[in-house]
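Participant: Have a look at this one before I ask anything.
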Amino acid sequence: MRLLRKRYCRMSGFHGLFGWDGLLSAGHDRPSLCGIGYDILSSMRIARWGMILFFLLTACGGGTVPSADLPVLASATPSPALPMQPDALTLPSPTLQPSATPVPSPTPCPQGEGHFEEGSLDSSLMKRALIYRIYLPPCYDPQEKAGYPVLILLHGQSYRADQWERLGMGTAADALITAGQVRPFVILLPEEWNTSIVQRESAYGRALIEELLPYVEEQYALCRERACRAIGGLSRGAAWALDLAFEHPDLFSAVGAHSLAPYYGQETHLRRIILDHPETLFPRVYLDTGRADRYRSEAISVEGMFTRLGVPHEWYFNEGLHEEPYWQAHVPAYLRWYTRDWTP
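Residue numbers for the sequence shown follow the working numbering, beginning at 188 and rising by one.
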């Protein structure tokens, strides 16, 4: 160690400065001054290199010295931006459809009853005026597009067009119509001027079909379909009704014969029509008579003929006579039967 220090002192200039050679050659120990100088010199060198390092770091780091405890981390590579997601699926609002125009409800009829009118037609077949009465229902509309069903009712011998009216047919019709049980309908009451003539020789039947029916269909708002027409009669009128319905099955859907008083040969006439037209759709048939009716045997015979030939019909054998009280008592039942297919 002494040798190293000596050399260092020589190199550093302390040896010559203080004359250490003589001292060392005489065997004396080197004074501590060289060690002191060495320590001072070392400290100065360290300080100088520290200052140089400080200025270098300051110049390179921009004046900021990072903390030794916290290493500087490179910033992470930024993640690519996520594509913008579309908003939640929005369904287009449905196009509002215009509401259907409400169909107005039919105005309730304020009238509680219908009324009768009378008219006449100059008949070329009868060679005189053909008189009729007609029942029009409550709130009858002459512009009714569908047309009203029509029921033709024929009176008995020696009576006039108003017979069915007197028996209460108009009142019974009012009750059914105002109760809403049937569709409003019209009743046609033709008058046979001469009831004493033999029916097969009278032009009355032809005048009804060929003249009166087309005429009233032009004058009133009547339905012109088969399903809208029915015909019936009492006594002599019942005989007329059967002939006209079976001779013109294309015109009538129903026929009623009340207390039938057939003319001579009528049963044969009807049988011939039925047998000659087996494929024909004949009207539905209503037959009735009283047990004490003076023509009950003839009515029963016609009913038997229908049964044998397979003609569908309804048969009612009631208590009663051949008189107006009997027919009046059964008017409501008759009317319900005629109009049962004319539902509102």
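Yeah, the Cβ is synthetic: ideal placement off N, Cα and C, and Gly gets one too.
Please read these numbers as outputs of a predicted model, since none were measured by experiment.
Please name the residue in Asn381, Arg370 and Ala359 whose C-alpha comes closest to that of Ser345.
Facilitator: Closest by alpha carbon: Asn381.
Participant: Is it the case that the segment 398-405 contacts the segment 424-433, given that we only count it when at least three CB pairs across the two stretches are under 8 Å?
Facilitator: No, the segment 424-433 is not in contact with the segment 398-405.
Participant: For Gly392, does the three-state DSSP call read helix, strand or coil?
Facilitator: Gly392 falls in the helix class under three-state DSSP.
Participant: Is Ser484 helix, strand or coil by DSSP?
Facilitator: Ser484: helix per DSSP, three-state reduction.
Participant: From Arg370 to Leu496, what distance separates their C-alpha atoms?
Facilitator: Between Arg370 and Leu496, the C-alpha separation is close to 33 Å.
Participant: May I have the straight-line CA-CA distance separating Val373 from Ser389, to the nearest angstrom?
Facilitator: Distance between the alpha carbons of Val373 and Ser389: 26 Å.
Participant: Taking 9 Å as the threshold (C-beta atoms), are Ala362 and Pro545 in contact?
Facilitator: Residue 545 is absent from the model: the chain starts at 188 and stops at 531.
Participant: At 3 residues or longer, what runs of the beta strand (DSSP E) sit wholly inside the segment 411-444?
Facilitator: Counting whole runs of 3 or more residues, the segment 411-444 contains the beta strand (DSSP E) stretches 416-421.
Participant: Would you kindly report the start and end of the unbroken alpha helix (DSSP H) that includes Gly357?
Facilitator: Taken as a continuous stretch (DSSP letters only), the alpha helix (DSSP H) holding Gly357 covers Met356 to Thr365.
Participant: Work out the CA separation of Asp528 and Gly420 for me, nearest whole Å.
Facilitator: Roughly 19 Å between the two C-alpha positions.
Participant: Can you give me the C-alpha to C-alpha distance between His445 and Cys415, rounded to a whole angstrom?
Facilitator: Spanning the two alpha carbons is a distance of roughly 21 Å.
Participant: Let's see if you can read the secondary structure: which residues bound the beta strand (DSSP E) around Ala316?
Facilitator: Where Ala316 is concerned, the enclosing beta strand (DSSP E) stretches over Arg315 to Leu323.
Participant: For Ser307, which residues from the same chain have a beta carbon less than 6 Å from its beta carbon, with the 5 sequence-adjacent residues on both sides left out?
Facilitator: Around Ser307: Ala316 and Ile318.
Participant: Please confirm if the segment 428-448 is in contact with the segment 347-357, defined as three or more CB-CB distances below 8 Å between the two stretches.
Facilitator: No: fewer than three Cβ pairs fall under 8 Å.
Participant: CA-CA distance, Thr365 and Pro325?
Facilitator: Distance between the alpha carbons of Thr365 and Pro325 is about 8 Å.
Participant: Within its chain, find whatever has a CB closer than 6 Å to the CB of Ser383; leave out the 5 residues flanking it on each side and keep chain order.
Facilitator: Same-chain partners within the cutoff: there are none.
Participant: Check whether the Cβ atoms of Phe504 and Asp463 lie closer than 9 Å to each other.
Facilitator: Cβ distance not < 9 Å, so Phe504 and Asp463 don't count as in contact.
Participant: Ordered along the chain, which non-local residues of its own chain (more than five positions away) have a Cβ less than 6 Å from that of Glu490?
Facilitator: Same-chain partners within the cutoff: Leu474 and Trp502.
Participant: Please classify Asp450: does DSSP put it in a helix, a strand, or coil?
Facilitator: In the sequence on display, residue 450 carries Tyr and not Asp. Looking at Tyr450 - three-state DSSP - the assignment turns out to be coil, as it is neither helix nor strand.
Participant: Which one of Asp430, Asp328 and Glu378 has the shortest CA to CA distance from Phe469?
Facilitator: Here the closest residue by C-alpha is Asp430.
Participant: From the DSSP secondary-structure annotation, give me the bridge partner or partners of Ser307.
Facilitator: Answer by DSSP bridge pairing, in chain order: Ile318.
Participant: Please report how far the alpha carbon of Pro449 lies from the alpha carbon of Arg387, in whole angstroms.
Facilitator: Using only the alpha carbons, I get a separation of about 11 Å.
Participant: Taking only three categories from DSSP, how would you classify Tyr346?
Facilitator: The answer is coil: DSSP assigns Tyr346 none of H, G, I, E or B.
Participant: Looking at the unbroken beta strand (DSSP E) that takes in Glu501, where does it start and where does it end?
Facilitator: Start and end: Glu501 to Asn505.
Participant: Hey, would you say Leu376 sits closer than 9 Å to Gln515, going by beta carbons?
Facilitator: No.
Participant: Is Arg370 near the ligand PLP, judged by its Cβ being under 8 Å from some heavy atom?
Facilitator: Because no ligand of any kind appears in the structure shown, any question about the ligand PLP cannot be addressed here.
Participant: Between Ala333, Met356, Glu485 and Met492, which has its C-alpha nearest Gly301's C-alpha?
Facilitator: That would be Met356, whose Cα lies nearest to the Cα of Gly301.
Participant: Please work out which residues of its chain come closer than 8 Å, Cβ to Cβ, to Ala360, disregarding the five sequence neighbours upstream and downstream, and give them in chain order.
Facilitator: Same-chain partners within the cutoff: Gly301, Tyr322, Pro324, Phe372, Ile374 and Leu522.
Participant: Roughly how many whole angstroms lie between the Cα atoms of Leu409 and Glu379?
Facilitator: Straight-line Cα distance between these residues: approximately 22 Å.
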